[in-house]
Amino acid sequence: MALLSLGATRNHRLRRIAVWVLIGSAAAVGVFVGAGGTRFGDLSSRRTAGPITLGAFRVHSDALDFGTVWAQRDFKWTVPITNVSDRSVDVTDVIPQCGCAVTDRKPFTVPPGETALIKLSIDLTNKRPPVEGQVERLFPVGVIILAKTEYSNEVRLNVGGIVKDALYVLPPAAIFSDVWEDAEELPVAHLTAMPLVPLEKLTATSDQELQVVVGPREYRQSVRGGREDQGFPIEVALKKRLSCGEHLLNLTLFATTSAGLELPGWRVTVKVVVVGDVFMSPAFSHLGPVRVGSTESSSFQLVSRRGLPFRITNVEVPDSEGFRVTVDAEAAQPSHSLNVAYSVHERGERSIPVTIDWEEENDDATADSPSGRSGSLKLKFTYLGLP
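Position one of the sequence shown corresponds to residue 1 (my numbering), numbered consecutively onward.
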């Protein structure tokens with residue numbers, strides 16, 4: 001009997017815990033859809049572990065944790081830093097380690113015992129979940145403070161929290177890969193927007209190259225006899241042919257809740273890779289982050305779609321210190337090696353356009369047609385210089 005009584009008590013406690021979890025979840029959603037005058041709010045309390053000393057500065061841990069918030073494009077967060085040394089500290093730069101964040105990077109001085117504010121503007125819609133259907137995720141933002149002190153020349157802050165989405169899209173991106181330049185039929189992608197709060201309507205805006213149609217919300221009969229929400233169907237189609245290369249187009253969804261609140265625009269990645277008679281493999285040309293002062297290299301292949309031999313007649317690269325492109329172009333062949341070497345001399349992102357002219361070899365050359373097809377492959381290589 002004792003065991004039965006203990007089990008019943010435990011089950012009763014679990015039920016009470018489950019009820020409180022449901023109540024807490026409902027309250028969290030209420031902050032979002034029912035708060036008067038406040039569109040977005042903090043969804044949970046933060047734990048405070050006390051002050052942290054980082055070189056000449058002291059930061060409270062609660063200033064590094066923005067808690068759980070709804071995804072929004074321009075989230076404001078301030079980190080106070082106090083100079084605990086006995087001399088003034090000159091801050092020369094504040095560098096967010098994420099492209100999702102910006103801050104005022106003007107130099108400033110913090111006298112002894114005084115406090116300065118690091119003001120961040122963070123795009124919380126930037127890091128969408130890598131897993132389909134995942135609506136809650138950790139969102140870390142690294143910040144480097146460059147300052148001349150007796151301790152070190154830089155202080156690193158790790159700001160972060162948990163971000164929740166009010167809807168999600170399946171699949172999370174529209175990818176059009178290997179679209180032939182001369183394709184007769186342009187491709188179409190089908191997405192579904194699944195809301196997590198009651199929505200009144202869903203609309204979309206996009207670049208002029210796209211045609212986007214958002215259908216009415218769909219339901220289907222569930223096996224238990226009720227209605228199962230199927231979300232909003234979205235059809236994404238190319239309206240026009242694009243030039244060879246990789247194109248990132250803009251598609252943003254805008255939703256209004258049944259309470260009349262407008263949700264932040266949900267950006268959907270639309271990536272189109274157009275290949276002509278000659279294309280680069282792999283097509284992705286972002287070279288990634290590189291430390292300042294280092295030299296890196298990457299290799300690619302230029303390939304004939306039709307498997308015909310071709311020559312490289314010209315490689316055009318703008319005058320750029322530390323960026324060099326070489327192509328194996330001694331003879332006509334169905335593919336050529338392309339090597340990129342680059343040295344990084346300063347922080348920040350750089351984008352280098354490269355144009356490669358090619359010409360197919362024509363065994364049936366005549367006076368009217370001395371060569372085969374020819375064209376230009378326009379590429380853009382980007383990399384990010386880090387301190």
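All C-beta atoms in this analysis are idealised placements derived from N, C-alpha and C, irrespective of residue type, glycine included.
Beta-bridge partners of A329 (DSSP): none assigned. Under DSSP, R137 forms a beta bridge with V163. Taking a contact as a CB-CB distance under 8 Å, the pair V354 and F310 does not count as one, their CB atoms being some 17 Å apart.
In terms of Cβ geometry, D104 and R73 do not form a close pair [threshold 7 Å].
Taking C-beta atoms as the reference points, V274 and E184 fail to come closer than 7 Å.
The alpha helix (DSSP H) runs of length 4 or more contained entirely in the region 55 to 82 do not exist; there are none. If you ignore the 5 residues before and after A332, its C-beta comes within less than 7 Å of the C-beta of P309, F310, R311, E361, all in its own chain and listed in chain order. For E246, the enclosing beta strand (DSSP E) starts and ends at 245 to 257. Residues P289, R291 of the same chain have their beta carbon placed closer than 6 Å to that of L386, with the five preceding and five following residues left out of the count. Close CB contacts of N250 within its chain, under the 7 Å cut and outside five residues either way in sequence, are with S206, D207 (chain order). The C-beta of F108 has fewer than 16 other C-beta atoms within 10 Å across all chains shown, which makes the residue exposed. The Cβ neighbour count for P195, taken over all protein chains shown within 10 Å, is at least 16; the residue is labelled buried. Its chain contains A174, L249, L251 as the residues whose beta carbon lies nearer than 6 Å to that of V270, once the 5 sequence neighbours on both sides are disregarded; these appear in chain order. Taking C-beta separations shorter than 6 Å and ignoring five residues to either side along the sequence, the partners of D357 in its chain run T313, N314, S376, following chain order. In this structure A189 does not touch V169 by the C-beta definition: roughly 11 Å separates them, more than the 8 Å allowed. In the DSSP assignment, K127 is bridged to no other residue.
Out of N126, T125, A101, the CA that lies nearest to the CA of I118 is found in A101. With a 10 Å radius around the Cβ and a threshold of 16 neighbouring Cβ atoms, V159 comes out buried.
For the pair of segments examined, the region 148 to 158 was found not to touch the region 337 to 347: the number of CB pairs separated by less than 8 Å stays below three.
From the listed residues K239, S258, G161, the smallest Cα separation to E200 is found for S258. Sequence-distant partners of T78 (beyond 5 residues in either direction) whose C-beta falls short of 8 Å from its own C-beta, in its chain, are A63, L117, I118, K119, L120. Y151 carries a coil assignment under DSSP once its states are collapsed to helix, strand and coil.
If you draw a 10 Å sphere on the C-beta of D229, you find fewer than 16 other C-beta atoms in it, and that means exposed.
Assignment of K239 by DSSP, reduced to helix, strand and coil, places it in the coil class.
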